[in-house]
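*Asks:* Encoded as structure tokens, here's the structure I'll be asking about.
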Amino acid sequence: MKKIKLSIFSSGVGSNLLAIHKATMDKTFPGLIELVICNKTCPAFELSKNLNYETKLISSLNSKKFETLAHNELIYHEIDLICLAGFMQILSPEFVLNWENKILNIHPSILPLFPGLHTHNRVLSKGLKIHGSTVHVVNDKLDSGKILGQLAIPVKDADIKTMKDRIKKYENILYPEVIRKYIWTFIFKKDRVYEGKLVSNKDVIFSY
Ligand code: GRF
Numbered sequence: 027m028k029k030i031k032l033s034i035f036s037s038g039v040g041s042n043l044l045a046i047h048k049a050t051m052d053k054t055f056p057g058l059i060e061l062v063i064c065n066k067t068c069p070a071f072e073l074s075k076n077l078n079y080e081t082k083l084i085s086s087l088n089s090k091k092f093e094t095l096a097h098n099e100l101i102y103h104e105i106d107l108i109c110l111a112g113f114m115q116i117l118s119p120e121f122v123l124n125w126e127n128k129i130l131n132i133h134p135s136i137l138p139l140f141p142g143l144h145t146h147n148r149v150l151s152k153g154l155k156i157h158g159s160t161v162h163v164v165n166d167k168l169d170s171g172k173i174l175g176q177l178a179i180p181v182k183d184a185d186i187k188t189m190k191d192r193i194k195k196y197e198n199i200l201y202p203e204v205i206r207k208y209i210w211t212f213i214f215k216k217d218r219v220y221e222g223k224l225v226s227n228k229d230v231i232f233s234y
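Read in order, the letters of the sequence shown correspond to residues 27 to 234 in this note's numbering.
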């Protein structure tokens, strides 16, 4: 089976990197992690090295320089698909255009609600009863590319940490599944092979 070459970009804890890594252990998963790029030393950077991935730290203050170096690495490793996972840097329109439809992101809100930062605080301060996360294609506007999959959870309490952890737990299920579906549908173009799913229980709804 042909495997798509993935690059994960992270500045974070790395739970989504780990989730994608575990998904790739399944021989039916249509992708393999070839390269991890971090823009700062962070737990994801250490995790990636411990998982023995080719791991690059490109910590340039200048985003243009970061993008040039990252682009060269992506070309060198023949990367097909970039997955942003807690990557805290906005990519320029030029970079996005170069990798059009080849960059996915996971954003912790039910887009188009709450693009940008501090989503958990903003959800709580508005008194919403539902919160969630979205996997989308990255375009040249912040958090506004095509939506590929979402999850929703009830807001049970005012504790941000608990809510963030609950969302992450389910993001770690959603993101690999959406990547799997995206590869089948938009890269292999076999939409009949892989149908989307709606899965729900009292704690979470997934739709992708
Ligand atoms: C996730 O909550 C994701 O939605 C956001 O950043 C967080 C990354 O978490 N973009 P991790 O580093 O993958 O644990």
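All C-beta atoms, glycine included, are put in the ideal place defined by N, C-alpha and C.
On the three-pair Cβ rule with 8 Å, is the stretch 87-105 touching the stretch 66-75?
*Replies:* Short answer: they don't touch.
*Asks:* If I follow the unbroken beta strand (DSSP E) through residue 81, where does it start and stop?
*Replies:* On the sequence shown, position 55 is the one that residue 81 refers to. Segment 81-83, the beta strand (DSSP E) holding residue 81.
*Asks:* When we look at the beta-carbon of residue 189 and count the other beta-carbons within 10 Å, is it buried (16 or more) or exposed?
*Replies:* Residue 189 sits at position 163 when you count from the first residue of the sequence shown. Label assigned to residue 189: buried.
*Asks:* Note down the Cα distance separating residue 197 from residue 79, rounded to an integer number of angstroms.
*Replies:* Counting from 1 along the sequence shown, the entry for residue 197 is found at position 171. Counting from 1 along the sequence shown, the entry for residue 79 is found at position 53. Distance between the alpha carbons of residue 197 and residue 79 is about 22 Å.
*Asks:* Quick check on the DSSP output: the alpha helix (DSSP H) that includes residue 94 runs from which residue to which?
*Replies:* Position 68 of the sequence shown, counting from 1, holds the residue named residue 94. Note, residue 94: alpha helix (DSSP H), 89-102.
*Asks:* Return yes when the Cβ of residue 163 is within less than 9 Å of the Cβ of residue 124, no when it is not.
*Replies:* Here residue 124 refers to the residue found at position 98 when the sequence shown is read from its first residue. Here residue 163 refers to the residue found at position 137 when the sequence shown is read from its first residue. Their beta carbons are not under 9 Å apart, which means residue 124 does not touch residue 163 by this criterion.
*Asks:* Going straight from the alpha carbon of residue 143 to that of residue 116, what length do you get?
*Replies:* In the sequence shown, counting from the first residue as 1, residue 143 sits at position 117. In the sequence shown, counting from the first residue as 1, residue 116 sits at position 90. If I take the Cα positions, the gap works out to 12 Å.
*Asks:* Could you name the residues that DSSP lists as bridge partners for residue 152?
*Replies:* Indexing the sequence shown from 1 puts residue 152 at position 126. DSSP lists no partner for residue 152.
*Asks:* From 195, 37 and 225, pick the residue whose C-alpha is nearest to that of residue 66; which is it?
*Replies:* Numbered from 1 along the sequence shown, position 40 holds the residue referred to as residue 66. Of 195, 37 and 225, the residue nearest in Cα terms is 37.
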